[in-house]
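Participant:
Residue numbers (the numbering used here), protein chains in the order written: chain A, 10 to 503; chain B, 589 to 782.
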C-alpha cells in the first residue's frame with residue numbers, strides 16, 4: 010500500500026492516520042476523565058487541555074501528509090515539516106544501527122516504527138525516524154540498510170542465515186524483582202492516578218475504601234503502620250518489577266547475522282528489534298547492580314558507536330542481555346566479542362592506596378553528616394535521634410567502600426582495555442583498543458598526594474568513556490602505552 | 589613542537605609562550621612523582637592571570653555583597669555576621685591570589701605531528717591526549733572579558749563526547765595560528781575517526 014511517486018519518494022503507512030488520534034487521546038485521558046466525571050465544573054483549564062489535544066491530533070495527521078522518505082544507492086533521505094520544510098540526508102555508509110519498534114497500537118494495525126542510528130552521538134534528535142511503516146516494509150528496510158553486503162553476494166531474495174547467541178529462559182523472570190524498575194512503574198502509576206483524581210475533583214478522603222484504611226491506621230501504633238506500609242509497598246514494587254521484566258524482555262533473542270550484524274528482538278506488547286552492525290561494536294559492558302549481584306545475576310550492554318547508553322531498564326536499545334544468570338551473561342559477552350578472555354581473566358588490583366582513598370572518601374562523608382547533625386543538635390536545631398541515626402551511616406559507608414575497593418581492577422587483554430569499578434552498580438567494561446580515541450589522565454589534589462590517577466579512555470561508543478579509577482600513576486602510563494602503543498611515547502621521560 | 593617554532597617567534601613580548609623548560613619538578617603544581625609523563629611544553633599567555641583574577645573577583649563580590657546586605661538588614665547577631673564576613677574575606681582573598689598563579693603554572697599545551705596534549709586545572713588537574721588523526725573539529729572562542737585581555741580559547745574535539753581538549757587563556761594570535769595549523773593537519777585525513 011506504500012504510495013510511490015517520482016524520484017522514489019515513499020510515504021509512511023496510511024494507517025498512521027488512525028494511530029495518531031488514538032495515541033493523543035490516550036495521552037490526554039486524565040483530562041477527558043475529568044471532563045466526563047465532573048462535567049464543565051473543571052473550569053477553563055480542562056477546556057484548554059482539550060483544545061491543545063485537538064491541535065496535537067491535527068498536527069499528527071498533517072505529519073503523515075508532509076513526511077516522505079527514500080532510499081537511494083548512497084543515502085537515506087527524509088522530507089518533513091509543514092511550515093519549515095526539512096530534508097534529512099544520511100549517507101548509507103554512516104548507518105550504525107536500525108531499531109524497529111512496535112507498540113500495542115502499531116501491532117494491532119500491523120505497523121512498526123523504524124529508527125536509523127548514525128554515529129552522531131552529540132545530538133539528541135539526530136538520524137532518521139519513520140513512525141510508522143507496515144511491519145513487512147520495516148523489516149525489508151532494515152534488511153536493505155544493513156544486510157547490503159550479504160544481499161549483493163547471495164542475491165536479494167535469500168534471507169541471510171542467523172546464529173542464535175542467547176534466548177530468554179522462563180526461569181530468568183526470578184531476576185525481575187531485583188531490577189528496581191518497579192519503583193519507577195509505581196511512581197508513574199501513582200502520578201497518573203493522582204492527576205486523574207485531581208482533574209475529576211475527587212477528594213481521596215471521600216472514597217470509602219481509602220477512608221476506612223485511614224481510620225484503621227489512626228488507631229494502631231506508628232510502628233505497625235510503618236511496617237504495613239513498607240510490606241505493602243515492597244509487594245507492589247516486586248510485582249511491578251516482575252511484570253515490567255516480562256513486558257520488556259519476553260521472547261528475547263540475540264542472534265548474529267551472516268552479514269556481520271547483531272540482532273536483538275524482545276518485548277511482550279511493545280516489540281522491539283534492534284540491529285547493530287558488528288564493525289561498529291567497540292566492546293561490551295558486563296554490569297552487575299548490587300541487588301542483582303546478590304542473587305547471582307548480571308546483564309550485558311553493547312558499547313557501540315551510534316547507540317548511546319540510555320536510561321531505564323532497556324538502556325536505550327543497547328542492551329545485549331537482560332538480567333540473567335551470571336554464567337549465561339559471561340558466555341553471551343564472550344560470544345558477542347568472540348573472545349572470553351577479557352571477561353574471565355583475573356584483573357590487576359589497584360592496591361592499598363586506592364583502597365584507602367575509597368575508605369577515606371566514603372567514611373569521611375558519613376562522618377561529615379554525623380558532625381553536622383551533632384552540631385545542629387548542640388545548637389538545639391534538631392532532636393538527638395538525628396545524629397544517633399546518622400551514626401548508622403558510618404558502618405554502611407565502610408561496607409560500600411570495602412566493596413568498591415574490591416571492585417577496582419584493570420587489564421589489557423587480547424587488544425582490549427578492561428576496567429572494573431563500582432559497588433551499587435559494578436561494571437566491567439571491555440573496550441577494544443581500536444575504539445579508544447585518546448586519554449584523559451585525571452589527578453585531583455589528593456590523588457596526586459597518594460600517587461594515584463584516574464585514567465579515562467575516551468571513545469565514540471556507548472558511554473563515551475571507560476575509566477580505570479585510582480590506579481597508581483606508573484601503572485596508568487603502562488596501561489596507556491600497552492593499549493595504544495606510541496601515542497604517549499613523545500611525552501614520556503625515561 | 590616540530591614545525592611549531594613560528595608561534596614562539598611570532599609572539600613578541602610573551603616569553604612565557606616560548607618556555608621550553610618542560611616544567612621542572614620545582615613548579616609546585618606538578619610534582620616530582622610525575623617525572624615519567626612530562627607536562628606539555630608551552631605555557632599559556634601571562635595575560636590569562638589577570639583574566640582569571642578578574643573572574644574570581646567577579647565570583648566572590650556577589651557573595652560579599654549579599655553578606656553585607658544581610659548584616660545591615662538583620663540588625664542583630666553582629667559577632668556572627670562579622671565572623672562570617674572575615675571567613676569569606678580570607679577564603680576569597682586566598683582564592684583570588686593563589687588560584688590564578690597556580691592555574692598559570694598548570695595550564696599547558698603542546699602539539700606534535702601525531703598528537704595534541706593539554707594540561708589544565710589547578711587544585712584538581714587533568715591531562716588530555718588525542719591523536720591528530722582523530723580530531724573532528726577545531727574551534728576558537730572569546731568571551732567579552734577575554735577580548736579585553738586579548739585572549740582566546742581553542743577547543744579541539746574528537747568523536748568522543750568525553751574528550752574535548754580545551755586550551756584556555758591563549759594569546760589571540762597564537763590561538764589563530766594554532767587553529768590554522770590544526771585545521772590544515774586534519775583536513776588531509778578523511779577517515780571516519782570514530
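In this text, a Cβ means the ideal position worked out from N, Cα and C, and glycines have one as well. As the structure is a prediction and not an experimental result, all values here were calculated from the model.
Can you pull out the residues from the region 703-727 of chain B whose beta carbon lies closer than 8 Å to at least one beta carbon of chain A?
Facilitator: Those would be 703, 705, 711, 712, 713, 714, 715, 716, 717, 718, 719 and 722, in chain order.
Participant: Starting from residue 751 of chain B, find everything on chain A with Cβ-Cβ shorter than 7 Å and list it in chain order.
Facilitator: What residue 751 of chain B touches in chain A: 446, 447, 449 and 467.
Participant: On the premise that residue 79 of chain A lies in contact with residue 154 of chain A, defined as a C-beta separation below 8 Å, what is that separation, rounded to the nearest angstrom?
Facilitator: Incorrect: roughly 13 Å between the Cβ atoms, too far for contact.
Participant: At a cut of 8 Å, does the region 325-340 of chain A reach the region 181-189 of chain A through at least three beta carbon pairs?
Facilitator: The region 325-340 of chain A, when compared against the region 181-189 of chain A, does touch it at the 8 Å Cβ threshold.
Participant: Looking only at DSSP bridge pairs, what is residue 295 of chain A linked to?
Facilitator: Looking at the DSSP assignment, residue 295 of chain A forms a beta bridge with A:309 and A:437.
Participant: Examine chain B for any beta-carbon lying closer than 7 Å to the beta-carbon of residue 166 of chain A, and answer yes or no.
Facilitator: Residue confidence is low: residue 166 of chain A scores 45 on pLDDT, short of 50, so the model does not pin down where it sits. Its coordinate-derived value is still stated next. Cβ-Cβ to chain B under 7 Å: no for residue 166 of chain A.
Participant: Does residue 747 of chain B get closer than 7 Å to chain A when you measure Cβ to Cβ?
Facilitator: Chain A, which has a Cβ nearer than 7 Å to the Cβ of residue 747 of chain B, makes this yes.
Participant: By the three-class DSSP mapping on this structure, what secondary structure does residue 60 of chain A have?
Facilitator: Helix at residue 60 of chain A.
Participant: Using C-beta distances below 6 Å, list every residue in its chain close to residue 87 of chain A, excluding the 5 sequence neighbours before and after it, in chain order.
Facilitator: Excluding positions up to five away in sequence, the list reads 78, 97 and 137.
Participant: Rounded to the nearest angstrom, what separates residue 631 of chain B and residue 368 of chain A at their Cα positions?
Facilitator: In a straight line, the C-alpha of residue 631 of chain B is about 37 Å away from that of residue 368 of chain A.
Participant: Does the ligand FMN have even one heavy atom less than 6 Å from the beta-carbon of residue 93 of chain A?
Facilitator: No copy of the ligand FMN occurs in the structure displayed, which carries no ligand at all.
Participant: Would you say residue 700 of chain B reaches chain C, if we count a Cβ-Cβ gap shorter than 7 Å as a contact?
Facilitator: Here the protein chains are A and B, and chain C is not one of them.
Participant: Please go through the region 621-699 of chain B and give each complete beta strand (DSSP E) segment of 3 or more residues, from N-terminal end onward.
Facilitator: Within the region 621-699 of chain B, the complete beta strand (DSSP E) runs of at least 3 residues are 696-699.
Participant: Measure from the C-beta of residue 620 of chain B to each C-beta in chain A and report whether the shortest distance is under 7 Å.
Facilitator: With a pLDDT of 42 at residue 620 of chain B, under the threshold of 50, the predicted position of this residue should be treated as unreliable, though the coordinate-derived value follows. No, its Cβ sits nowhere closer than 7 Å to a Cβ of chain A.
Participant: Whose C-alpha, out of A:19, A:399, A:348 and A:347, is nearest the C-alpha of residue 147 of chain A?
Facilitator: For residue 147 of chain A, the nearest C-alpha among the options comes from A:19.
Participant: Going straight from the alpha carbon of residue 449 of chain A to that of residue 309 of chain A, what length do you get?
Facilitator: About 25 Å.
Participant: For my contact list, residue 483 of chain A and residue 624 of chain B are in at a C-beta cut-off of 8 Å; report their separation, rounded to the angstrom.
Facilitator: Contact flag correct, Cβ pair sits at about 7 Å.
Participant: Can you find the residues in the same chain that come closer than 6 Å, C-beta to C-beta, to residue 17 of chain A, ignoring five residues on each side of it along the sequence?
Facilitator: Cβ within range, chain order: 79.
Participant: Here's the rule I'm using: 16 or more other beta-carbon atoms within 10 Å means buried, otherwise exposed. How should residue 608 of chain B be labelled?
Facilitator: With a pLDDT of 39 at residue 608 of chain B, under the threshold of 50, the predicted position of this residue should be treated as unreliable, though the coordinate-derived value follows. Exposed, since its Cβ has fewer than 16 Cβ neighbours within 10 Å.
Participant: So which residues of chain B does residue 483 of chain A contact, with C-beta pairs closer than 7 Å?
Facilitator: Near residue 483 of chain A (Cβ distances below 7 Å), the residues of chain B are 624.
Participant: Would you call the CB atoms of residue 627 of chain B and residue 696 of chain B closer than 7 Å?
Facilitator: Yes. Within cutoff.
Participant: Kindly list the residues whose CB is nearer than 6 Å to the CB of residue 770 of chain B, restricted to its own chain and excluding five residues on each side of it in sequence; keep chain order.
Facilitator: So the qualifying residues of the chain are 726.
Participant: Since residue 484 of chain A is in the alpha helix (DSSP H), which residue starts that stretch and which ends it?
Facilitator: It spans 482-492 - the alpha helix (DSSP H) in which residue 484 of chain A sits, taken as one unbroken run.
Participant: Which stretch, first to last residue, makes up the beta strand (DSSP E) that contains residue 421 of chain A?
Facilitator: Per DSSP, residue 421 of chain A belongs to the beta strand (DSSP E) from 418-422.
Participant: Sort out for me which residues DSSP pairs residue 100 of chain A with in a bridge.
Facilitator: Paired residue(s): A:84.
Participant: What are the boundary residues of the beta strand (DSSP E) that includes residue 704 of chain B?
Facilitator: Start and end: 703-709.
Participant: For residue 388 of chain A, count neighbouring Cβ atoms within 10 angstroms of its own Cβ and tell me buried if that reaches 16, exposed if not.
Facilitator: With fewer than 16 Cβ atoms within 10 Å of its Cβ, residue 388 of chain A is classed as exposed.
Participant: If we cut at 7 Å on Cβ distances, does residue 476 of chain A have a partner in chain B?
Facilitator: Not closer than 7 Å to any Cβ of chain B, the Cβ of residue 476 of chain A fails to qualify, so no.
Participant: Under 7 Å Cβ-Cβ, which residues of chain B neighbour residue 453 of chain A?
Facilitator: Neighbours of residue 453 of chain A on chain B, chain order: 712.
Participant: Just reading off the alpha helix (DSSP H) that residue 752 of chain B is part of, what are its end residues?
Facilitator: Segment: none, residue 752 of chain B is in no alpha helix (DSSP H) and carries neither H nor E.
Participant: Secondary structure at residue 124 of chain A, three-state DSSP: helix, strand or coil?
Facilitator: In the structure shown, residue 124 of chain A sits in a strand (DSSP, three-state: E or B).
Participant: Is it the case that the Cβ atoms of residue 645 of chain B and residue 684 of chain B are separated by a distance below 7 Å?
Facilitator: Yes, the Cβ-Cβ distance between residue 645 of chain B and residue 684 of chain B is below 7 Å.
Participant: Can you grab the Cα-Cα spacing for the pair residue 718 of chain B / residue 746 of chain B, in whole Å?
Facilitator: If I take the Cα positions, the gap works out to 8 Å.
Participant: Please classify residue 429 of chain A as buried or exposed, where buried requires at least 16 neighbouring CB atoms within 10 angstroms.
Facilitator: Buried: at least 16 other Cβ atoms inside 10 Å.
Participant: In this structure, what does DSSP give as the bridge partners for residue 719 of chain B?
Facilitator: In the DSSP output, where bridge partners are listed per residue, residue 719 of chain B has B:703.
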